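Chemist: Oh and the sequence shown: position 103 is 389 in our numbering, straight run, nothing missing.
Idealized CB from N, CA, C, for every residue including glycine.
Keep in mind that this is a model prediction, so the values were computed, not measured.
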Amino acid sequence: MHKLVISDAEGRTTVVPLVRDELTIGRKEGNAVRLTERNVSRRHARIRRDGDGFIVEDLDSYNGVFLNDERIQGQARLRPGDRLRIGDYRFALDADGAMPTAEASPVDLDFGGDDLRVAPPRLVMLTPPAAGAVYAVGDGMRLGRAEDLEIWVNHRSISREHVRFREMEGQIVVEDLSSANGITVNDQPVASATLTSGDVLGLGQVKFRFVARGEEFHFEPEPAFERKEAASEGGNKAAIVVVGLLVAGAIALGLFVALRDREEAPKIEFEPEAVQAEIAPAPSGPSREDRLAAERESAECERHLIEDRLEEALEAADRALLLVPDHEGAAACRADASAIVREHATFARGRRALEEGRVDDAYFAFESLDEKSPLRDRPEVSRARRLFAEQKLTAAKRVLRRNPQLAYDEAIQVVMGPGFPALHQAEAARLVEAAKKRGAVDAN
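So, in C-alpha cells, the structure goes:
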C-alpha cells in the first residue's frame, strides 16, 4: 500500500494510507487532508491515482504547490523520493506498495520515466522527528539540517551537511561529511560504509533503515496518531493537523495534528494576546524557578537568532514569555526574530513576483526590505532592480516624442531610485533632459 508521510515544521508526522483514488488537501473542513495553517488555501491541492502512480494538482492555490523546490504549474507526476511542499508542510510518497516484476527494468533515481513498479534505494526514518518518512537516495545526494540539501532532516543532533551518498557498482555508499555527531551502521561507528538492505544507519540521535532498490519494508506507525504536549501547561500550544480519510465499506479513519496559529509569514508567529487570555497569571507572580528558566530560554533565543535558526528562536522566546510574560529580553529577541521572518516573507513575495514576470511588484517588494537587511544582497534583488530600470527606460524611449511628460515620469524613477546601475542612471538622466526640452511640465 502506498502511504503519504506528512511532516509539519516542528517535526510532527502523520502517515496517511493512500487507499482512495483521490485525496484533497486544504484548510477547509471536508478535505481528506485538512491543514490548518493560514498559508494553506481552503482547497489547495489534489493527489489522484494515475495507473501505478500519482498526480499532484494545484487547485489554483494562493501560495502554490512545490515539487522538489519548484512551483508546479497545474499538475505534475508524484514519484517516490519526490519532495512535496504545501505551506509549511512537507510530504513524501512511500512506494513500499510498488511490486517489482521480473521484466521491470530498474528505475533511475531522477525518475525520468513513469514506471513506478520498482522502488528506488531509500531510507525509512525509524525515530523522531519524522518516523515513517521515506527518502530516496542516489549518487551525490547529501543529507543534513540545511534546507537546500537534497534530503532535509530537521533535528539538532544532525549537522547542516551530515552525510553524502555515492552509488558504486549498483550499491549505495554513505560517507560522513565531518559531522559533529558522526554516523553509525548497525550501532558501529564508521566514516563510510556500503549499505545493504536492512542496515540501520544512525545520524546523531536519528536512525534510518536502508531499503535496497526494489525491496519492500513496511513501516508500522502507531495505530492512532495522537500526540500530547511535550511541555507543561505553560509550554507551547499543541499543534493539530486534521486528517480525514474515508475508507471503502464505511470505515472512517481520522488522524489529527493541529498547529498553532501563525501570521502569514512562513515561520511560526506568536500572538501574545491569545495565549495570555488562556493562562491566568499566578497570584504571586512567576516563581524563582520560572524566572531562571525564562532566562535560559531567552539566552537560547539569542543563540538561535545568531545562528539564523528563526523557528527555534521564536519557540524559545515563546517558552520564556509563557513563564514570565513581561520578560524584556525574550520579548526583544522575539521581536527581532519576527522582524526577520517578515523580511523573509517579503523577500519570498518579491521572488515569486520576479519568477512570474511581475517586475514592478518584485522591485517594490524588495525595496520595502529594511535598508540593512542582508537579503538585499541576494541576486534576485539586483536582477529585479536591473529589469525595472530597463523596463522604465524602454517605456520612456517609446513615448518620448508623443508624450514627453510620461517619458519624464518613467525615466525619473531610475534617476531618483537607489541602487540602479550607473549606466542605467546615466541613460535615464539623458532621457529626463530630453523630456524637459520637449515640454515636460513637472520637470522642476
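Could you check the C-alpha separation between S408 and E657 for me, to the nearest Å?
Modeler: Locating residue 408 in the sequence shown gives position 122, where the first residue counts as 1. Locating residue 657 in the sequence shown gives position 371, where the first residue counts as 1. In the sequence under discussion, the amino acid at residue 408 is Arg, which differs from the Ser named in the question. Between R408 and E657, the C-alpha separation is close to 45 Å.
Chemist: In terms of residues, what are the limits of the beta strand (DSSP E) holding R431?
Modeler: Position 145 of the sequence shown, counting from 1, holds the residue named residue 431. Where R431 is concerned, there is no enclosing beta strand (DSSP E), given that its DSSP letter is neither H nor E.
Chemist: Output the distance between the C-alpha atoms of V471 and G490, rounded to the nearest integer angstrom.
Modeler: For this step, residue 471 is matched to residue 185 along the sequence shown. For this step, residue 490 is matched to residue 204 along the sequence shown. Cα-Cα distance, rounded: 12 Å.
Chemist: Let me make sure I understand the geometry here. Which of L304, R329 and R687 has the alpha-carbon closest to that of K314?
Modeler: To locate residue 314, count along the sequence shown from 1; it is residue 28. Looking at the Cα atoms, R329 is the closest of the given residues.
Chemist: Quick one: Cα of A681 to Cα of D695, how far?
Modeler: The residue labelled residue 681 in the question sits at position 395 within the sequence shown. The residue labelled residue 695 in the question sits at position 409 within the sequence shown. Near 10 Å, if we compare the C-alpha coordinates of D695 and A681.
Chemist: State buried or exposed for L717, treating a residue as buried only when at least 16 other CB atoms are found within 10 Å of its CB.
Modeler: As a working mapping, residue 717 is identified with position 431 in the sequence shown. L717 comes out buried.
Chemist: Taking the alpha carbon of F340 as the point to measure from, which residue in E502, L364, A419 and K289 has its own alpha carbon closest?
Modeler: Taking the first residue of the sequence shown as position 1, residue 340 is located at position 54. Closest option to F340, Cα to Cα, is L364.
Chemist: Rounding to the nearest angstrom, what Cα-Cα distance links A634 and I592 in this structure?
Modeler: Sequence index remark: in the sequence shown, residue 634 carries index 348 (1-based). Sequence index remark: in the sequence shown, residue 592 carries index 306 (1-based). Roughly 21 Å between the two C-alpha positions.
Chemist: According to DSSP, is T300 part of a helix, a strand, or is it coil?
Modeler: Position 14 of the sequence shown, counting from 1, holds the residue named residue 300. In this structure, T300 counts as strand in the three-state DSSP scheme.
Chemist: Using C-beta distances below 6 Å, list every residue in its chain close to Q361, excluding the 5 sequence neighbours before and after it, in chain order.
Modeler: Position 75 of the sequence shown, counting from 1, holds the residue named residue 361. Hits under 6 Å: I341 and E343.
Chemist: Pull up the distance between the alpha-carbon of A331 and that of D294, whole angstroms please.
Modeler: Your numbering for residue 331 matches position 45 in the sequence shown. Your numbering for residue 294 matches position 8 in the sequence shown. Going from the Cα of A331 to the Cα of D294 covers about 17 Å.
Chemist: I'd like to confirm the pairing. Which residues does DSSP put opposite L364 in its beta bridges?
Modeler: To locate residue 364, count along the sequence shown from 1; it is residue 78. Its beta-bridge partners are F340.
Chemist: Candidates A602, A579 and R577: which alpha carbon is nearest E588's?
Modeler: Mapped onto the sequence shown, residue 588 falls at position 302. Nearest option by C-alpha distance: A602.
Chemist: Determine whether the Cβ of E461 lies closer than 7 Å to any Cβ atom of chain B.
Modeler: Checking the listed chains, one finds no chain B in this structure; it contains a single protein chain.
Chemist: On the three-state DSSP scale, how would you describe F674?
Modeler: The residue given as residue 674 occupies position 388 in the sequence shown. It is helical.
Chemist: By how many angstroms is the C-alpha of A697 removed from the C-alpha of G430?
Modeler: For the purposes of this step, residue 430 is taken as residue 144 along the sequence shown, with counting starting at 1. For the purposes of this step, residue 697 is taken as residue 411 along the sequence shown, with counting starting at 1. Rounded to the nearest angstrom, the two C-alpha atoms are 48 Å apart.
Chemist: Hey, out of H590, Q474 and I311, whose CA is closest to I372's CA?
Modeler: Position 86 of the sequence shown, counted from the first residue, corresponds to residue 372. Nearest C-alpha to I372: I311.
Chemist: Is the separation between the beta-carbon of A466 and that of R446 shorter than 7 Å?
Modeler: Taking the sequence shown and counting its residues from 1, one reaches residue 466 at position 180. Taking the sequence shown and counting its residues from 1, one reaches residue 446 at position 160. Cβ distance not < 7 Å, so A466 and R446 don't count as in contact.
Chemist: Going along the chain, which residues of its own chain have a beta-carbon closer than 6 Å to the beta-carbon of F352, five neighbours each way excluded?
Modeler: If you number the sequence shown from 1, residue 352 lands on position 66. Excluding sequence neighbours, F352 sits near R371.
Chemist: DSSP three-state label for D647, please.
Modeler: By 1-based counting over the sequence shown, the position of residue 647 is 361. DSSP places D647 in helix when its eight states are reduced to three.
Chemist: Could you tell me whether the region 704 to 714 touches the region 669 to 683, using the rule of 3 or more Cβ pairs below 8 Å?
Modeler: Touching, yes.
Chemist: Check F652 in the structure and name its three-state DSSP category.
Modeler: Along the sequence shown, read from residue 1 onward, the residue named residue 652 stands at position 366. Here F652 sits in helix by DSSP.
Chemist: Could you pull out every residue in the same chain whose Cβ sits closer than 6 Å to the Cβ of A378, ignoring the five residues on either side in sequence?
Modeler: For the purposes of this step, residue 378 is taken as residue 92 along the sequence shown, with counting starting at 1. Closer than 6 Å at the Cβ level, and outside the excluded window around A378, lie V291, A419 and V420.
Chemist: Use the C-beta contact count for Y649: other C-beta atoms within 10 angstroms, 16 or more gives buried, fewer gives exposed.
Modeler: Numbered from its first residue, the sequence shown carries residue 649 at position 363. By the 10 Å Cβ count, Y649 comes out buried.
Chemist: How many angstroms separate the CA atom of A721 from the CA atom of N354?
Modeler: For the purposes of this step, residue 721 is taken as residue 435 along the sequence shown, with counting starting at 1. For the purposes of this step, residue 354 is taken as residue 68 along the sequence shown, with counting starting at 1. Spanning the two alpha carbons is a distance of roughly 49 Å.
Chemist: By the 10 Å Cβ neighbour count, where 16 or more other Cβ atoms means buried, how is D374 classified, buried or exposed?
Modeler: If you number the sequence shown from 1, residue 374 lands on position 88. Buried: at least 16 other Cβ atoms inside 10 Å.
Chemist: For H504, does the count of other Cβ atoms within 10 angstroms reach 16, so buried, or fall short, so exposed?
Modeler: In the sequence shown, counting from the first residue as 1, residue 504 sits at position 218. It counts as exposed.
Chemist: Tell me the residue span of the beta strand (DSSP E) that contains Y421.
Modeler: Mapped onto the sequence shown, residue 421 falls at position 135. Looking at the DSSP string, the run of the beta strand (DSSP E) that includes Y421 is V420 to A422.
Chemist: Going by DSSP, which residues form a beta bridge with L640?
Modeler: Position 354 of the sequence shown, counted from the start, is the residue given in the question as residue 640. Paired residues: none, contrary to the question.
Chemist: In chain order, what residues of the same chain lie with their CB nearer than 7 Å to the CB of A651, ignoring the 5 residues before and after it?
Modeler: Along the sequence shown, read from residue 1 onward, the residue named residue 651 stands at position 365. Once the five neighbours on either side are set aside, the close Cβ partners of A651 are T632, R635, G636 and A639.
Chemist: According to DSSP, is P475 helix, strand or coil?
Modeler: As a first step, residue 475 must be located in the sequence shown, where it is residue number 189. DSSP places P475 in strand when its eight states are reduced to three.
Chemist: Which residues bound the beta strand (DSSP E) around S445?
Modeler: Mapped onto the sequence shown, residue 445 falls at position 159. That residue, S445, is in no beta strand (DSSP E); it is neither H nor E in DSSP.
Chemist: At the level of alpha carbons, what is the spacing between A623 and R595?
Modeler: Here residue 623 refers to the residue found at position 337 when the sequence shown is read from its first residue. Here residue 595 refers to the residue found at position 309 when the sequence shown is read from its first residue. Between A623 and R595, the C-alpha separation is close to 9 Å.
Chemist: Does the Cβ of G643 have 16 or more other Cβ atoms within 10 Å, making it buried, or fewer, making it exposed?
Modeler: Reading the sequence shown from its first residue, position 357 is the one you call residue 643. G643 comes out exposed.
Chemist: Can you tell me where the beta strand (DSSP E) with E461 in it begins and where it stops?
Modeler: Residue mapping note: residue 461 aligns to position 175 of the sequence shown, counting from 1. It spans Q457 to D462 - the beta strand (DSSP E) in which E461 sits, taken as one unbroken run.
Chemist: Secondary structure at Y348, three-state DSSP: helix, strand or coil?
Modeler: One-based indexing of the sequence shown puts residue 348 at position 62. Of the three classes helix, strand and coil, the one that applies to Y348 here is coil, per DSSP.
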